[in-house]
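FYI, the numbering for the sequence shown is 0 to 308, going by numbering that gives the first Met the number 0.
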Amino acid sequence: MPLNLTIVAVFAIFFFAGPISAETAYPISRIDGMNKTIRLEREPQNISSKTLFTDEVLTAILPSNRLTSITSLASDPNYSNIADRLPKGVAQLDFYVEPILNNFPDLVFAANWSEINKVTQLRQAGIQVYLVNTPFTLAAIEAEITKLGELLNRSTQAADLIANMQGDLASLAEQKAAIERQQWVALDYNSWGTASGADTTWQAILDGVGLINGTAPYEQGDFGQVAMSKELIIKIDPDVLFLPGGLYGADPASNTFYQQVINDPALADVQAVKNRRVYEIPGALRGTYSHHIVRTIRYVSDQLSHDLP
Numbered sequence: 000m001p002l003n004l005t006i007v008a009v010f011a012i013f014f015f016a017g018p019i020s021a022e023t024a025y026p027i028s029r030i031d032g033m034n035k036t037i038r039l040e041r042e043p044q045n046i047s048s049k050t051l052f053t054d055e056v057l058t059a060i061l062p063s064n065r066l067t068s069i070t071s072l073a074s075d076p077n078y079s080n081i082a083d084r085l086p087k088g089v090a091q092l093d094f095y096v097e098p099i100l101n102n103f104p105d106l107v108f109a110a111n112w113s114e115i116n117k118v119t120q121l122r123q124a125g126i127q128v129y130l131v132n133t134p135f136t137l138a139a140i141e142a143e144i145t146k147l148g149e150l151l152n153r154s155t156q157a158a159d160l161i162a163n164m165q166g167d168l169a170s171l172a173e174q175k176a177a178i179e180r181q182q183w184v185a186l187d188y189n190s191w192g193t194a195s196g197a198d199t200t201w202q203a204i205l206d207g208v209g210l211i212n213g214t215a216p217y218e219q220g221d222f223g224q225v226a227m228s229k230e231l232i233i234k235i236d237p238d239v240l241f242l243p244g245g246l247y248g249a250d251p252a253s254n255t256f257y258q259q260v261i262n263d264p265a266l267a268d269v270q271a272v273k274n275r276r277v278y279e280i281p282g283a284l285r286g287t288y289s290h291h292i293v294r295t296i297r298y299v300s301d302q303l304s305h306d307l308p
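In structure tokens:
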């Protein structure tokens, strides 16, 4: 092929193929969720995940041969959104120093609330430990996914995951607008007598659905929880009430707490109970703070859409 035609052909390949995937240039330094600087000299190949958040995200953006371990919770469908698609051959280990060391990771992802003595022991043994922020807003979830992509040279895959989140949310815009027009006040209520406040992923779910958080005026305690008595439920008088559920697709009739709430004479005049807008949320969807939170938003939106006036 003549030289000029070769140049044209090469240019065409790059032009029509679109942008080249962004790659991480090592060494890199990043600040983790406890303000410690982590420096990676090269792309880590053996990754140990010690949070359910990183279990769910890393299995979405990494090939399984780069994962040396995930948590034991990853296989529990009550908590995990990947229980039905665990990566084959990847060990399930909790946050114990010796098993992690014997797993030979290049990099360990743990939560910013992890036991600091264990983190210190791993670092003293020469293992890099990155403490992940615990996000409770959609923007913070996306930011953490982006950081994981940068650290692991998987920025393109992380960006694709975020784009899928945003696309799924955009597809719910019409449902959200219809729900927002109702100006419904919502509570999530659990058997130990609390509801989730503004500084929790529950607020992100309500914002995504188009609901108002009934706990907003009240003081939050540990983990963003608001003490919730029956008297306070009656005072707030929520239009919608959400209760913890079991596995996805489980019959609410089998849930003792659900039956107690909908049949409690003290709550009979609460709008949510009176108008039969009391819903269960499967545990794995309710508890997630990874990209799967968009599935939770869709689940709640779909439940409410069936009962719109």
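Every residue, glycine too, gets a C-beta built ideally from N, C-alpha and C.
Since the model is a prediction, treat every value here as computed from it, not as a measurement.
Bridge partners - residue i, DSSP secondary structure assignment
i              : result
glutamine 91   : Ile69
serine 313     : Because the chain here runs from 0 to 308, residue 313 falls outside it and cannot be looked at.
serine 300     : Answer is none; serine 300 lacks a bridge partner.
asparagine 212 : Ala185
isoleucine 144 : DSSP lists no partner for isoleucine 144.
valine 131     : Ala110
threonine 193  : Ala226
leucine 240    : Leu186 and Val277
Residue i, buried or exposed, once every other Cβ within 10 Å from all chains shown has been counted against 16
i                : result
serine 20        : Reliability of the predicted coordinates at serine 20 is poor, the pLDDT of 47 falling under 50, and no value is obtained from them.
threonine 295    : buried
tryptophan 201   : buried
glutamine 224    : buried
aspartate 221    : exposed
leucine 307      : exposed
serine 228       : exposed
glutamine 182    : exposed
glycine 125      : exposed
phenylalanine 14 : At phenylalanine 14 the pLDDT is 38, less than 50, meaning the model places this residue with poor confidence and gives no usable figure here.
alanine 59       : buried
serine 68        : buried
serine 289       : buried
Terminal residues of the alpha helix (DSSP H) in which residue i lies
i              : result
leucine 231    : 229-235
proline 334    : Residue 334 lies beyond the residue range present for the chain, which begins at 0 and ends at 308; the question has no answer from this structure.
alanine 177    : 172-179
isoleucine 81  : Segment: none, isoleucine 81 is in no alpha helix (DSSP H) and carries neither H nor E.
serine 320     : It is not possible to answer for residue 320, since the shown part of the chain is limited to 0 through 308.
methionine 164 : 154-169
isoleucine 261 : 255-261
leucine 121    : 115-123
Whole-angstrom C-beta distance between residue j and residue i, which should lie under 8 Å
i              : j                 : result
valine 131     : glutamate 143     : 6 Å
serine 48      : leucine 39        : So it is not a contact: roughly 16 Å between Cβ atoms.
leucine 137    : alanine 203       : 5 Å
methionine 164 : asparagine 111    : Wrong, their Cβ atoms sit about 22 Å apart, outside the cutoff.
aspartate 187  : phenylalanine 241 : 4 Å
alanine 283    : asparagine 80     : 5 Å
First through last residue of the beta strand (DSSP E) which encompasses residue i
i             : result
isoleucine 46 : 46-48
Counting pairs of beta carbons, one from the segment 259-269 and one from the segment 225-235, are three or more of them closer than 8 Å? Counting Cβ pairs under 8 Å, three or more are found: they touch.
If you pair each beta-carbon of the segment 38-55 with each one of the segment 100-114, do three or more pairs fall below 8 Å? By the Cβ rule, the segment 38-55 counts as touching the segment 100-114, because three or more pairs are nearer than 8 Å.
Taking three-plus beta-carbon pairs below 8 Å as touching, is the segment 110-123 in contact with the segment 70-78? Touching, no.
Does the count of Cβ pairs from the segment 281-299 and the segment 205-222 closer than 8 Å reach three? With a cut-off of 8 Å, the segment 205-222 and the segment 281-299 count as touching, because enough Cβ pairs lie within range.
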